[in-house]
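Heads up, the sequence shown is in this note's numbering, so the first residue is 7 and it goes up one at a time.
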Amino acid sequence: MIKYNKILIICIFVIIILIISGYFGYKLGTEEEKKNKEYIINNNEKNIEELRKEGYNLILSQSKNIDYGLPLKDTELKIKENSITKDSIILEFLSKSREEYINVSTRYYILEREINGKWYQIVVSNRTHRNKK
7 MIKYNKILII CIFVIIILII SGYFGYKLGT EEEKKNKEYI INNNEKNIEE LRKEGYNLIL
67 SQSKNIDYGL PLKDTELKIK ENSITKDSII LEFLSKSREE YINVSTRYYI LEREINGKWY
127 QIVVSNRTHR NKK
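If you want it as structure tokens, here you go:
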């Protein structure tokens, strides 16, 4: 009987250790996942504060406040692959449409980045001219 009690106690102890190690492994994994989120392009769908809490350290949003001029239809903003460094970033403006009219567009984007625990904002502007062919 004593032998079975020892085996039962050891099994319970091993199960408790597995549960605790699984919990801490999950917690460390989610923390690491938050750190690895490099950037997000926010189409004003989420609050900036929520994105910061989710772990993004580079947030690009289209400004609602400063926009004069007509935006090009079907224009997409992307961050060029492998272009993010600690000092710079390359943005690409891709047009899906092939319009033959003159379009002048001034778009402003707010780029936010966390550097040493403090958030900084810059305004990125783009003026696009497309001439009639």
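Beta carbons: idealized from backbone N, C-alpha and C, even for Gly.
Label residue i either buried or exposed according to how many other C-beta atoms from any shown protein chain fall within 10 Å of its C-beta, with 16 as the threshold for buried.
i           : result
residue 89  : exposed
residue 16  : exposed
residue 62  : buried
residue 27  : exposed
residue 122 : exposed
Kindly indicate which residue of the options has the alpha-carbon position closest to the one of residue i.
i           : options            : result
residue 124 : 58, 86 and 85      : 58
residue 37  : 19, 119, 25 and 60 : 60
Report the CB separation of residue i from residue j in whole angstroms; it is logged as a contact under 8 Å.
i          : j          : result
residue 85 : residue 65 : Contact doesn't hold; Cβ gap of about 11 Å is too wide.
residue 48 : residue 67 : 4 Å
Check whether the Cβ of residue i lies closer than 7 Å to any heavy atom of the ligand SAM, and answer yes or no.
i          : result
residue 18 : Judged by which ligands are present, the structure shown has none, so any question about the ligand SAM falls away.
Mind pulling the alpha helix (DSSP H) runs of 4 or more residues that sit fully within the stretch 9-63?
Counting whole runs of 4 or more residues, the stretch 9-63 contains the alpha helix (DSSP H) stretches 54-59.
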